[in-house]
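Here this note's numbering is used: the first residue of the sequence shown is 50, the next is one more, and so on.
Below: the structure, in structure tokens.
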Amino acid sequence: MKKNILGRLILFALTIIVLPHSLTAQDAKEKEKLLSESAKAKSEFTKADPSMNKLFDNSYGYVIFPRVGKGGFIVGGSGGAGTVYEKGKEIGMAKVGGVTVGAQIGGQAYREVIFFENEEALNRLKANKVEFSGQVSAVAVKSGVSKNAKYTDGVAVFTQDIGGLMAEASVGGQKFSYKAF
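Rendered as structure tokens:
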């Protein structure tokens, strides 16, 4: 009986010691994967529109979502994770989620980049106070389109189709959350 209790205590102690390290390693792998996917997405954006390099270089910050999945049948949803950059350096991750209602069917995937014109705009994301509704429109990336980019409330949004097919006439929005690295 004492051996059984002692064995359980040792197992419990080892679990407490080992588990946080394995979770940290898993988080580190996920972070590296996200950073790699974000770098690839940035490359795809600038390949499609080389003038977008100017936005990456001159914006106060930006968030790149390498893959946002979207699907719906009358009611739809979307979601993805991305990397947040301030003055060109990775500072955290963001998640995006959204709900739409209306005539819609199908599914698609796309990349999204949001540029922040100034510190105040980026701080809204960091404070989890960024939310887009129907009136904020994203510009589909193609060559030269970013030359005439205009910030609205300190943000400019661009998307790039990855694949899928979706027909929709719906209303909805996106909500963002931020977590520092």
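Backbone N, C-alpha and C fix where the C-beta goes; we use that ideal spot for every residue, glycine too.
Local conformation of residue i per DSSP, three classes
i    : result
A152 : strand
A88  : helix
D253 : The structure shown does not extend to residue 253, since the chain is modelled only from 50 through 230, so no value can be given for it.
E166 : coil
P69  : For P69, the pLDDT reaches just 45, beneath the cut-off of 50, and the residue's location in the model is therefore unreliable, although a value from the coordinates is still provided. It is helical.
D98  : coil
A176 : coil
K82  : helix
F105 : helix
Beta-carbon proximity list for residue i, same chain, < 8 Å, skipping 5 on both sides
i    : result
F230 : K80, E139, I140, G141, M142
N177 : F225, S226, Y227
N102 : T95
G126 : K119, G120, G146, G147, V148, T149
A62  : At A62, the pLDDT of 43 sits below 50, so the modelled position is not reliable; the number obtained from the coordinates is stated separately. Counting only Cβ-Cβ distances below 8 Å, and skipping sequence neighbours, we find nothing.
Residue i versus the options, residue with shortest Cα-Cα distance
i    : options                : result
E169 : K91, G146, Y111        : Y111
E161 : A77, E86, K78, G203    : E86
F114 : L83, G203, K103        : L83
Y200 : Q223, N167, D76        : N167
E135 : G147, V145, R116, L171 : L171
A88  : V148, R116, G203       : R116
D106 : G118, G120, K91, K119  : K91
G212 : S108, K119, Y109, D202 : K119
Q209 : L104, A130, Y159       : Y159
G137 : Y109, V179, V124       : Y109
K175 : A77, V133, G129        : V133
F207 : A130, L104, K78, A77   : L104
Proximal residues to residue i (C-beta, below 6 Å), its chain only, five neighbours per side dropped
i    : result
E93  : none
Q223 : V145, G147, F181
A205 : F164, A198
K122 : Note on identity: in this sequence residue 122 is Phe, with Lys being the wrong assignment. Only I154 meet the Cβ criterion.
V124 : V150
Cutoff 8 Å: residue i Cβ touching any chain C Cβ
i    : result
K119 : The chain inventory of the structure shown lacks chain C, comprising one protein chain alone.
Exercise for the section: Pair every Cβ in the stretch 147-157 with every Cβ in the stretch 89-98, then say whether three or more of these pairs are closer than 8 Å. Expected result: no
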